[in-house]
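Structure, as structure tokens:
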Amino acid sequence: MPEAPHLTEPSGDYQTLQEFVRDARLRLPENIWDYLVGATETETTMRRNRLALDQLAFRPRVCRNVENVDCTASLFGRALRLPVMLAPVGSLESFDPGGAATAAEGASSFGVPIMVSSVTKPGLEESAAASGQGPRIFQLYVRGDDAWTDDYVRRAAAAGYDAFCITVDTASYSRRERDIVRRFVKPWRASATGVEYQAAFSWDNVKHFKDTHAIPLILKGIATAEDAALACEHGVDCVYVSNHGGRQLDHGRGAIDVLPEVIEAVRGRARVVIDGGFCRGTDVVKAMALGADAVAVGRLYCYALAAAGASGVVRMLELLETEIAIALALLGVTRLGELTRAHLCAAPSVTAPHVHSAFPLLSTTPEVPR
87 MPEAPHLTEP SGDYQTLQEF VRDARLRLPE NIWDYLVGAT ETETTMRRNR
137 LALDQLAFRP RVCRNVENVD CTASLFGRAL RLPVMLAPVG SLESFDPGGA
187 ATAAEGASSF GVPIMVSSVT KPGLEESAAA SGQGPRIFQL YVRGDDAWTD
237 DYVRRAAAAG YDAFCITVDT ASYSRRERDI VRRFVKPWRA SATGVEYQAA
287 FSWDNVKHFK DTHAIPLILK GIATAEDAAL ACEHGVDCVY VSNHGGRQLD
337 HGRGAIDVLP EVIEAVRGRA RVVIDGGFCR GTDVVKAMAL GADAVAVGRL
387 YCYALAAAGA SGVVRMLELL ETEIAIALAL LGVTRLGELT RAHLCAAPSV
437 TAPHVHSAFP LLSTTPEVPR
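Numbering (the working numbering), first residue to last: 87 to 456.
Spelled out as structure tokens, the structure:
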């Protein structure tokens, strides 16, 4: 584990995370903005992601020496500056012309992984090259048979990806009504072929992967203890708790509500990653206290990418690091490994859940609709 970096107050034009949301809204066309912030049908699952996070309160301990706080972590043998990664997002080129390459540059510069989506540009090899020596993971939507998937796995391994992720919560595409009412069809959806393979994907395919490849396997979209246990029985290396940011099954549970049962089912047999509404340092700390190994942020880094490219991603991560370090110190711990469930308790939410409810001051900015 590397020595903890000296934490200083972040410098630069962006002083709060919500400022990225503001600038992204000003820069993006209406249909791209709705694609970014929207979810499926009633958007209930998306709102529950925030509600679940907001219904957890902290139990801080005091009179502890927290002069030196260490926010670092590790995943798949790689040292990370934060227990955070950039989640796989399709069509990143909609937010910045460089797409995943620009996001990868920012992630690598800061010292956290990017998970590159198979439905974003500029592609597997180009995105890997942009991340240099930084940690990286490739994520696949299955659009072919095992041989088709095997080819992607070999390419990812050759390009230096640290792990390979298969998304398993897209057996059927959802109806994202913000897009539908605008008659907006994302380019990769319009040209998608082989979606029947995604619908047919089963534990037999997982077994084939583990029997064939050495690269660590992540399954993204696990939402129950039962499937987490099955993943471990099949040798999956990392269980990724996710409801696709509320963009697939409507009326699902908030992601962090799922996390405790998954941790209990995994019983240390695999690493556990989570996404779903994580927007603040305190959100990350809550997941770590419940036993997650890392947290993936999606919309948050897309705002930063749209607002200021690679430097925006770095700046967003700097601010997130500051928030995490402050939360750890005020909880009375000096490193992530000291967090336990005893640092959390249930509490009523004080804010109506919304995609931007983590940023209440946005209500003072008329350009950003709530």
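We treat Cβ as the ideally placed atom computed from N, Cα and C, and that holds for glycine.
Given a cut-off of 7 Å, decide if residue j and residue i are closer than it, judged by their beta-carbon atoms.
i	j	result
Pro302	Asp323	yes
Tyr387	Ala110	no
Arg106	Met402	With the sequence shown as reference, residue 106 is identified as Phe, and Arg is not the correct amino acid for it. A contact, by the Cβ cut-off of 7 Å.
Arg136	Ser328	no
Val292	Ala314	no
Val198	Leu166	yes
Val352	Val325	yes
Leu391	Ala189	yes
Ala214	Ala249	no
Leu172	Ala193	yes
Arg133	Pro439	yes
Gly340	Ala216	no
Ala309	Val344	yes
Val175	Gly384	yes
His320	Asp232	no
For residue i, count the other beta carbons within 10 Å of its own beta carbon; 16 or more makes it buried, fewer makes it exposed. Which is it?
i	result
Gln104	buried
Thr94	Only weak support exists for where Thr94 lies, its pLDDT of 49 falling under 50; the coordinates are left without a value.
Trp234	exposed
Gln225	buried
Pro88	Reliability fails at Pro88, whose pLDDT of 36 lies under 50, so the model's placement of it is uncertain and the value that follows must be treated cautiously. So Pro88 ends up on the exposed side.
Lys296	exposed
Phe269	The question names Phe, but residue 269 in the sequence shown is Arg. By the neighbour-count rule (16 or more Cβ atoms within 10 Å), Arg269 is not buried but exposed.
Val271	exposed
Asn151	exposed
His457	Lying outside 87 to 456, the shown extent of the chain, residue 457 is not represented and no answer is given.
Gln101	exposed
Ile410	buried
Gly184	buried
Pro452	For Pro452, the predicted model reports a pLDDT of 44, less than 50, meaning its position is unreliable and no value from the coordinates is stated.
Gln219	exposed
Val148	exposed
Thr437	exposed
Ala286	exposed
Val400	buried
Pro455	With a pLDDT of only 48 at Pro455, under 50, the local geometry of the prediction cannot be trusted, and no value is derived from it.
Name the DSSP beta bridge partners of residue i, please?
i	result
Ile223	Met201, Ala249
Val296	At residue 296 the sequence reads Lys, which differs from the Val that was named. Looking at the DSSP assignment, Lys296 forms no beta bridge with any residue, so it has no partner.
Val170	Val381
Cys431	Ala143
Ser288	The partner list for Ser288 (beta bridge, DSSP) is empty, contrary to what the question assumes.
Using a Cβ cut-off of 7 Å (strictly closer), state whether residue i contacts chain B.
i	result
Glu409	The structure shown contains no chain B; it is built from a single protein chain.
Entirely within the segment 349-421 and at least 4 residues each: give me those alpha helix (DSSP H) ranges in chain order.
Runs found: 367-375, 385-417.
So within the segment 118-154, which uninterrupted beta strand (DSSP E) runs reach at least 3 residues, ignoring any that extend past its ends?
Qualifying beta strand (DSSP E) stretches, in chain order: 142-144.
Does the structure place the segment 411-429 close enough to the segment 371-380 that three or more beta carbon pairs sit under 8 Å?
Enough Cβ pairs lie closer than 8 Å, so yes.
Uninterrupted beta strand (DSSP E) stretches inside the segment 308-347 (no shorter than 3 residues):
Entirely contained in the segment 308-347, the beta strand (DSSP E) runs reaching 3 residues are, in chain order, 324-327.
Check whether the segment 158-175 and the segment 197-215 touch, using three or more Cβ-Cβ pairs below 8 Å as the test.
Because the criterion of three Cβ pairs below 8 Å is met, the segment 158-175 and the segment 197-215 touch.
Please confirm if the segment 258-266 is in contact with the segment 328-341, defined as three or more CB-CB distances below 8 Å between the two stretches.
With a cut-off of 8 Å, the segment 328-341 and the segment 258-266 count as touching, because enough Cβ pairs lie within range.
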